[in-house]
Amino acid sequence: MRQLLGQERLHAVFDAGQSLDVEALAALCGALRAGSWLLLLTPPWRQWPQLPDGDSLRWSDCPQPITTPHFIHHLQQHLADDSEVTIWRQDEPLTLAALPAREGWQPPDGRPTEEQQAILTALLQAESGVWVLTAARGRGKSTLAGMLVAQSPLTCWITGPSRAATEVAGEWAQGRAQFWAPDALLAQCREGDVSEVGWLLVDEAAAIPAPLLQQLIGYFPRVLLTTTVQGYEGTGRGFLLKFCAGLPSYQALSLQQPMRWAQGDALERITDNALLFNELPAWPADGQAIDYSQAEQRELCADPQRLARFYALLSSAHYRTSPLDLRRLMDAPGMHFGLAQAGQEVVGAVWLVDEGGLSAELAHDVWAGRRRPRGNLVAQSLAAHGGQWWAPTLRSRRITRIATLPTLRRQGIARQLVERQRCQAQGLDFLSVSFGYTEPLWRFWQSCGFELVRIGSKPEASSGCYTAMAILPLSEQGEALRHAAHKHLARDWPWLRQRIELTLAIPGDDGDTSLGEEDWRELAGFAFAHRPLEASLGALQRLLLASSLPLSALRGHLQRRQSPAACVEQSGVSGQKALLRYWRHETAQALEQLNAQHCRYWRDWAQSLQ
């Protein structure tokens, strides 16, 4: 369905009999032009909410499909309440809903609308800058981009998440614009000369990884970014708030008048209402008292207005929010919510998900790299990458989203939301959070009482930031985990920071480089199980200091910083998988040479929990 972005179709049949993929449904609805029918095939109407939905396997973290009663009831309500929807039950005669009288409407005649012409005039006169064009689906964003290419005397290049997504822009450009895949374009910018290119047009910019987009912008004198206000690709307002706020300067543009269909189109209205695509009007910060409350899934879904405001706030703060998140919020197990409200307006929102409670045997298998069950992001990561094998056995709750209204930020609302969760948590060992590391974001979590316990070794593709994980202990076991995990990170940080480009000080390292019992466990997990090299990096460096063996492959990579490819060539192995096996072999050799009895004990422990 991603191939439908920026394209047009006439009529469609969508089969939701076994699985309802709302991302695909949103993309399909946005591609249908005026005069189209959408036929939605569903299970029996009354049984539908109680039937397992195959699509839930993508977002529920459950091993089997689950029922999704909250979203299905929500969708059914919107379909049943709309006078322009016909619900046709099998074995019953078809009675089409009467279509209301409408004013005459004609599709575009190929000339720019007044809105488009005003923007085109400004862009054609531009000497330099970045422009961000946001609009709902079907407003002519891609058409305008193509018109700009056709009318500009300058060389124009186009990029987008896929060639198909830029098809409309390409047609209107009349063959005058060269299409580049984003990664290929960045390589061209780095290696070639792009000084002759006057315009870079980025269609559906919110669907391109932010760090890649940030780099591309710097190579061109004029850049036009287009993105959809709401829908499958993410949210335009959030894109403005998050990505564009990091640009030195930009100019925001918008298109309101639909071109693919008439104003007030029934399918657009139904889709927007059912998938909560409608952005809520700005709320004036008028000094109202703020009330804080908790809400469980059933309670939040039973109040459509509060649900819509809660979801809209999270969507505006996280521009990659998609319909998949709405389904997870409404029906995935283990969801919890906190709200800050001023009257009826939701001015702060926090969304949490249960983690942990795994058996000791399963937690050990996660640590050893043998198994990775769904869910439990932080709990499993602390075992699989941080070394705290028992972390998944504890019960925790991860903060997955948090947001406040922009007009009320820096007033302590988000901090109070977190504090309420801490005070009201029962039977939990810790709260956790995983986020793309930035100094301001870390200062916020630190002010809430969290301690850093893990930093990912590679930047995220979507944000360009390193993944950071932090926990807030709530029990003695949680405090023990915090202490062990932070000590582990601090002790390994002198070696980790050689690979992680962050100017971050992590106190707690006493400078002791001798091998301890935790190191033996980590090294056994690498040598005799399936733990990755990155997870054992600090322990391996300490092993090299303790061992008198040559260990040429390990020393080449870790001490002399040779690339894996260079290590493959030097070691004479057949490839990187063989190199990993050789690294494990050298580690086992070093452990055996240091203390054979200790090595056997930890080998047996790594291979099976005793």
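In short: position in the sequence shown from 1, add 702, done, that's my numbering.
Here a beta-carbon is modelled for each residue, glycine too, at the ideal position from N, C-alpha and C.
Keep in mind the model is a prediction, meaning the values are calculated, not measured.
Beyond the five residues adjoining it in sequence on each side, P960 comes within less than 7 Å, by CB distance, of G840, R841, D967 in the same chain, given in chain order. K843 sits buried, since 16 or more C-beta atoms from the chains shown fall within 10 Å of its C-beta. Looking at the backbone, the Cα of A1044 and that of D763 are separated by about 34 Å.
Annotation for L740: A714, F716, C731, L734, L969 place their beta carbon closer than 7 Å to its own, counting only its chain and skipping 5 residues before and after. Three or more Cβ pairs closer than 8 Å define a contact, and the region 792-808 falls short of that threshold against the region 888-906.
Annotated three-state conformation of Q953 is strand, per DSSP.
At a Cβ-Cβ threshold of 8 Å, I1208 and A1182 do not count as neighbours. One thing to note: L822 has its Cβ no nearer than 8 Å to the Cβ of P810. A1172 is bridged by DSSP to V1135, L1154. In the DSSP assignment, E816 falls within the unbroken alpha helix (DSSP H) covering 816-826.
Beyond the five residues adjoining it in sequence on each side, E786 comes within less than 6 Å, by CB distance, of A799, A968 in the same chain, given in chain order.
Cβ neighbours of L1096 within its own chain (closer than 6 Å, five residues either side excluded): G1058, D1131, Q1179. The alpha carbon of Q990 has as its nearest neighbour, out of R1011, Q1046, A1004, the alpha carbon of Q1046. Excluding the 5 residues flanking it on each side, L1217 has same chain C-beta neighbours closer than 6 Å at R1244, A1248, in chain order. Boundaries of the alpha helix (DSSP H) harbouring T973: 968-976, taken from the DSSP string.
Collapsing the DSSP output to three states places A728 in a helix. Separation of A1290 and S1254 (C-alpha to C-alpha, rounded to the nearest whole angstrom) is 14 Å.
Taking D974 as reference, the option from A907, Q958, A728 with the minimal CA-CA separation is A728. It is roughly 19 Å from the alpha-carbon of L1110 to the alpha-carbon of W1053. Take the alpha-carbon of D1194 and the one of R1201: they are about 12 Å apart. Ranked by Cα distance from T1023, the first of L1296, D1212, A909 is A909. Excluding the 5 residues flanking it on each side, A828 has same chain C-beta neighbours closer than 8 Å at R924, in chain order.
A distance below 6 Å between beta-carbons, with the five flanking residues on each side excluded, links G756 to the following residues of its chain, in chain order: Q720, S721, P767. Taking E898 as reference, the option from T857, H780, L1251, R1099 with the minimal CA-CA separation is T857. DSSP places A875 in the coil class of the three-state scheme, outside both helix and strand.
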